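Peer 1:
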Amino acid sequence: FYKINYNDSRFIFITLVITLILFSSFRYDVGMDYLMYYEMVSNYSNEYTTTLSNFNDFEFTHGVIINFLFLIIDDRFVVFCIYLFLNAALTITCFAVFINKFSDDKYLSLFIFMSFPIFYLSSFNAVRMFSAVSLFFVSLQYIKQKCLFKFYLVCTICILLHKVSIVIIPLYFILNRTISVLQYLLI
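Note that the numbering used here has the sequence shown beginning at 59, numbered continuously upward.
Here it is in C-alpha cells:
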C-alpha cells in the first residue's frame, strides 16, 4: 500500500477543498435561492449601486462586491458566477481552516461536512448566511485563545456579510465562561 506523507496529505486535502469550491461555484440552477440570488445580482447596475442606500437586497459587503464586479464586467451572468465563486471560496475555505485547526481526523471531518445536507449542501441555499457562519467558525479559535479584539473584528465582518450574525457577539463571554457540573445539568 502507498503510505501518504505529510506533503501528500496536505495536497490531497487542498485538492478536495478546491473541488468542493468549484462544485459549489459552477452549479447551475441548484439550490432554492439560486434564481432569487441571480435576480438580485442581475438587478444591480453601475448606476443603481452608486449610493449606499441602494444596498437593500444585500448586506453592505455583498453590495460592494457586486458593485465592484459590475465596474469591471458588464455581463450579469458572469458577475453572478464570480459572486457565487467568491462566496463558495470564502465559505469552504473557512470551514476547511476550521477543520484543519480543530479536527484530529480532517478527512473524516471534511467527509461529514460535505455529506450531511445541513452543512455543505445548505450552503447552496443560504449563500450569504453561510459566508458569515463559516467566518464565525474561524473566529472560534480567538475565543479559545481569549483574543477579544480579533474575535470582535471577525464578528464585525460577519455582520457585514449577514445581519443575523449580530447574535454571535455575546458568545465570546458565554463560551469563555467555566460552568460547574450543576449549572451544566440545569442547562
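All C-beta atoms, glycine included, are put in the ideal place defined by N, C-alpha and C.
Since the model is a prediction, treat every value here as computed from it, not as a measurement.
Let's see if you can read the secondary structure: which residues bound the alpha helix (DSSP H) around Phe174?
Peer 2: Note, Phe174: premise wrong, no alpha helix (DSSP H); not H, not E.
Peer 1: Please state whether DSSP places Asn101 in a helix, a strand or coil.
Peer 2: coil
Peer 1: Tell me where the alpha helix (DSSP H) around Asn158 begins and ends.
Peer 2: Counting along the chain, the alpha helix (DSSP H) containing Asn158 begins and ends at Arg134 to Phe160.
Peer 1: Would you kindly work out how many angstroms separate the C-alpha atoms of Ile237 and Ile227, rounded to a whole number?
Peer 2: 19 Å
Peer 1: Expressed to the nearest angstrom, what Euclidean distance is found between the alpha-carbon atoms of Leu243 and Leu218?
Peer 2: 36 Å
Peer 1: Taking the CB atoms as reference points, tell me whether Phe182 and Gly121 lie closer together than 7 Å.
Peer 2: Not in contact: Phe182 and Gly121 (Cβ atoms no closer than 7 Å).
Peer 1: Using the C-alpha atoms, what's the distance from Leu144 back to Phe84?
Peer 2: 11 Å
Peer 1: Counting Cβ pairs closer than 8 Å, one from the segment 163-182 and one from the segment 124-134, do we hit at least three?
Peer 2: no
Peer 1: Using only the alpha-carbon positions, how far apart do Leu166 and Ile72 sit?
Peer 2: 14 Å
Peer 1: On the CB-based measure, 16 or more other CB atoms within 10 Å of its CB, does Thr149 come out buried or exposed?
Peer 2: Thr149 comes out buried.
Peer 1: Quick one: what does DSSP say Met90 is sitting in, helix, strand or coil?
Peer 2: coil
Peer 1: Quick check: the Cα distance between Val222 and Phe188, rounded to an integer number of angstroms?
Peer 2: 11 Å
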